[in-house]
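So the sequence shown is numbered by our numbering: it starts at 151 and just counts up by one.
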Amino acid sequence: MISLNEIENAYNAYSKEIFSYILRSVYDHDSAEDILQDVFIKLLHYSEKKEVHAGNIRALLYSIARSVTIDALRTAARRKTESCDISAMPDTHNSHEEASSGEIIDTVTRIIGSMGEPEKSIILFRQNGLTYNEISAVMKIPERTLKRKTRAIIENIRKTLQAEGFFISSDTKDSNESFND
151 MISLNEIENA YNAYSKEIFS YILRSVYDHD SAEDILQDVF IKLLHYSEKK
201 EVHAGNIRAL LYSIARSVTI DALRTAARRK TESCDISAMP DTHNSHEEAS
251 SGEIIDTVTR IIGSMGEPEK SIILFRQNGL TYNEISAVMK IPERTLKRKT
301 RAIIENIRKT LQAEGFFISS DTKDSNESFN D
């Protein structure tokens, strides 16, 4: 069985990189912290059954993190599906304005789905409330570059929506206060 001292050393050495690995999958800071704790608990339980060598701890942590993250994502998806009650959803076909909102949301979702991985990650991190500082640390890119990429992503979405016939105000320069945190 691995000693608590060895677990503590592994946590000090690998927790940040394992946390970043998990965060890239779950896009939620709190969930990633919970999963990270579960990973180290599972490491402790695993070490009760099999011998863990010091040279294999990092690889073992990644393997456990992958497994626990997948389980957490499946559980979250199940909960989301179970909590969806179609009868409680509003009827969006009553108003042309509501239908347009749905169309815009569907179009934006499609645009984001067609983007590459770094862009999707940036959007999801921001959507889950991470600051630019936190995102730049996770993605290992300068904060200024991250802000530039975010502006480019938003501009790309705006132009695509306009090209598809949606009316989008071009006065986005005044509403960039979200870029300042």
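Note that beta-carbon positions come from the ideal geometry of N, C-alpha and C, so glycine has one too. Bear in mind the structure is a predicted one, so any value in this text is a computation, not a measurement.
- Ranking Leu296, Thr281 and Arg308 by CA distance to the CA of His179 puts Thr281 first.
- Pairwise C-beta distances place the region 288–300 out of contact with the region 190–197, as fewer than three of them are shorter than 8 Å.
- C-alpha of Phe275 to C-alpha of Lys166: approximately 17 Å in a straight line.
- Here DSSP, grouped into helix, strand and coil, assigns Asp178 to coil.
- About 14 Å separates the beta carbon of Ile172 from that of Thr225, a gap too long to meet the 8 Å contact definition.
- Here the alpha carbon of Ala215 sits roughly 7 Å from the alpha carbon of Leu186.
- Secondary structure of Lys290 (DSSP, three-state): coil.
- The continuous alpha helix (DSSP H) containing Ser271 extends over residues Glu267 to Gln277.
- Exposure of Ser264 is indicated by the presence of fewer than 16 other C-beta atoms within 10 angstroms of its C-beta.
- Ala209 sits exposed, since fewer than 16 C-beta atoms from the chains shown fall within 10 Å of its C-beta.
- Of the candidates Val176, Ala204, Tyr177 and Glu305, Ala204 places its Cα closest to the Cα of Tyr161.
- Here Thr259 is exposed, its C-beta having fewer than 16 other C-beta atoms within 10 Å.
- Taking Asp188 as the centre and dropping the five residues before and after it, the same chain places the C-beta of Val218 closer than 6 Å to its C-beta, in chain order.
- Closest by C-alpha distance to Ala182, out of Glu305, Asn283, Asp221 and Lys297, is Asp221.
- Excluding residues up to 5 positions away in sequence, Ser197 and Val202 lie with their Cβ nearer than 6 Å to the Cβ of Ile152 in the same chain.
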